[in-house]
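Here the structure is laid out as C-alpha cells; the discussion comes afterwards.
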Amino acid sequence: MDYKWDFLIVLKNIDPLISGLYGTLLLSSVSLILGLITGLILALLRLSKFKPVNVFALYFIEIFRCTPPLVQLYWIFYALPILINISLGPFESAIIALSLGSGAYFAEIFRGGIVSIARGQWEAGKSLGMSYFTLMLRIILPQAIKRMLPAFVNRAVELVKTTPLVAVIGYSDLLYQTVLLSQRSYRSLEYFTFAALIYFVILSIGTTLSQYFENKFNN
Numbered sequence: 002m003d004y005k006w007d008f009l010i011v012l013k014n015i016d017p018l019i020s021g022l023y024g025t026l027l028l029s030s031v032s033l034i035l036g037l038i039t040g041l042i043l044a045l046l047r048l049s050k051f052k053p054v055n056v057f058a059l060y061f062i063e064i065f066r067c068t069p070p071l072v073q074l075y076w077i078f079y080a081l082p083i084l085i086n087i088s089l090g091p092f093e094s095a096i097i098a099l100s101l102g103s104g105a106y107f108a109e110i111f112r113g114g115i116v117s118i119a120r121g122q123w124e125a126g127k128s129l130g131m132s133y134f135t136l137m138l139r140i141i142l143p144q145a146i147k148r149m150l151p152a153f154v155n156r157a158v159e160l161v162k163t164t165p166l167v168a169v170i171g172y173s174d175l176l177y178q179t180v181l182l183s184q185r186s187y188r189s190l191e192y193f194t195f196a197a198l199i200y201f202v203i204l205s206i207g208t209t210l211s212q213y214f215e216n217k218f219n220n
C-alpha cells in the first residue's frame with residue numbers, strides 16, 4: 002500500500018491534542034494526590050489494632066487490587082449513581098475510580114514502608130511522650146517515605162498508563178481527542194503515533210525518576 006505520511010495534519014489540529022494532554026495531566030495529578038491520601042488512611046487503618054477497622058481496610062484494598070480498573074471505571078460511572086442517586090460525569094467518575102484504585106496500591110506501599118522502620122524508633126518516640134500521630138508524622142513517615150519513593154513513582158507511572166481507559170466513558174483526555182481526530186481525518190497512523198510519542202515521553206520521565214530514587218536510596 003502506497004501510504005504517504007503527513008504529520009503536518011497533526012500540527013494543524015494540535016489544539017484538541019493539547020487540550021486532551023491537559024485533561025490527561027489534570028486527571029493524573031488529582032488522582033495521584035487523592036490516591037496518596039487514600040493510601041495513607043488505608044495503611045493506618047490496616048495497622049490499627051481495632052479488628053473491625055483493620056478488616057474493613059483489608060477487604061477494601063483487596064477489592065480494588067483484585068478487580069480490573071476498567072470494570073471499576075464502568076461500575077462507578079454506570080452503577081454507583083444508581084445506588085447514591087447522584088449523577089456523576091466522566092471526570093468525577095474517573096477521579097473516583099483512579100483515586101480509589103491507586104489508593105489501594107499506595108496503601109500497601111505505605112504499610113510496607115512503615116513496618117520496615119525499626120521497633121526501637123517507635124519505642125524511643127513513646128519514651129519521649131509522643132502520641133501515635135505525632136510519632137508517625139515526626140519520626141516514622143519521614144524515614145519511611147525515603148524507602149517508599151521508588152515504589153511511589155512506579156505506581157504513579159502505572160496510574161498514568163491507566164488514564165487512557167477513561168476515554169470509554171467520554172472523558173476528553175489525550176486518547177479521546179486522538180480517536181476523534183483520527184476518525185474525522187482518516188489519518189490514524191499520524192495521530193496515534195503522535196499520541197504514543199507523548200505517552201512515551203511522559204512515562205519515560207517517570208521511569209527515569211524511579212530509577213534515580215532507587216539508586217539514590219539503595220546506595
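Every number in the numbering used here is 1 more than the matching position in the sequence shown, counting from 1. Built from N, CA and C at the ideal position, the CB exists for glycine as well. Nothing here was measured: the structure is a model prediction, and the numbers come from that model.
- Taking 8 Å as the upper bound for CB-CB distance, A145 and I97 are not in contact here, some 27 Å apart.
- Rounded to whole angstroms, the separation of the alpha carbons of S100 and I34 is 8 Å.
- Counting only runs of 4+ residues, the alpha helix (DSSP H) found wholly inside the segment 107-173 occupies 120-128, 133-136, 142-163, in chain order.
- Separation of the CB atoms of F107 and L37 is rounded to 6 Å, and the pair is thereby assigned contact status at 8 Å.
- When the five nearest sequence neighbours on each side are left out, the beta carbons in the same chain lying within less than 8 Å of the beta carbon of Q122 are those of I140, I141, Q144, in order along the chain.
- Between L59 and I199, the CB-CB gap reaches or exceeds 9 Å.
- Scanning its chain for C-beta atoms nearer than 7 Å, with the 5 sequence neighbours on each side dropped, one finds around R112 the residues A44, R47, L48, in chain order.
- According to the DSSP assignment, G90 belongs to no alpha helix (DSSP H), since it is labelled neither H nor E.
- Of the candidates Y213, K5, I203, I170, the residue whose Cα lies closest to the Cα of E93 is I170.
- Judged by DSSP in its simplified three-state form, W76 adopts helix.
- Judged by their CB atoms, F61 and A125 are not nearer to each other than the 9 Å cut-off.
- Annotation: the continuous alpha helix (DSSP H) that includes R47 extends over 15-47.
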